[in-house]
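One structure below.
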Amino acid sequence: MLPCPVGEVSDGYHTFDELYDHRHTLFVKLMNSHPDLSWKSRQHEDGSMYEGDWFIAGMNLPTGDISYHLEGHFWDLAKVQALDFAPAWDGHTAEDVLNRLSNWEQGI
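Sequential numbering from 129 applies to the sequence shown in the numbering used here.
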């Protein structure tokens with residue numbers, strides 16, 4: 129057990145909470161710069177969703193799908209198509225997301 133909430137754990141520069149906030153903000157900005165590839169939904173393909181105020185957002189890149197679960201306050205900031213249900217998950221892992229982003233050559 130950690131002596132503090134996980135989100136408060138720091139590497140001496142940033143806490144986990146700060147790093148996730150950076151990741152989510154950067155992803156929303158990337159989606160907004162490519163709305164034709166991007167989507168958001170309050171429900172997974174099967175109608176389920178995590179407890180609390182979360183949604184799923186993703187991009188259908190030529191190199192494969194990527195997605196993240198984002199906190200609800202990012203919903204209105206993501207100026208992309210809202211879907212009733214998220215597309216079917218293709219099983220991508222965190223490593224797949226990094227590879228798909230790295231291999232995506234869109235001149236961004």
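For each residue, glycine too, the CB sits at the ideal point set by N, CA and C.
Check                                                                                        : Outcome
Chain C within 8 Å of Leu165, Cβ atoms only                                                  : Among the protein chains of the structure shown there is no chain C, as only one such chain exists.
The stretch 165-176 / the stretch 185-204 touching (three or more Cβ pairs under 8 Å)        : yes
Which listed residue (Glu233, Leu211, Gly219) has its alpha carbon closest to that of Phe183 : Leu211
Cβ contact check for the stretch 171-182 and the stretch 142-157: 3 or more pairs under 8 Å  : no
Exposure label - Asp193; buried when at least 16 CB within 10 Å                              : buried
Local conformation of Gly140 per DSSP, three classes                                         : coil
Top-ranked residue by Cα proximity to Ala216, from Leu205, Glu179, Ser195                    : Ser195
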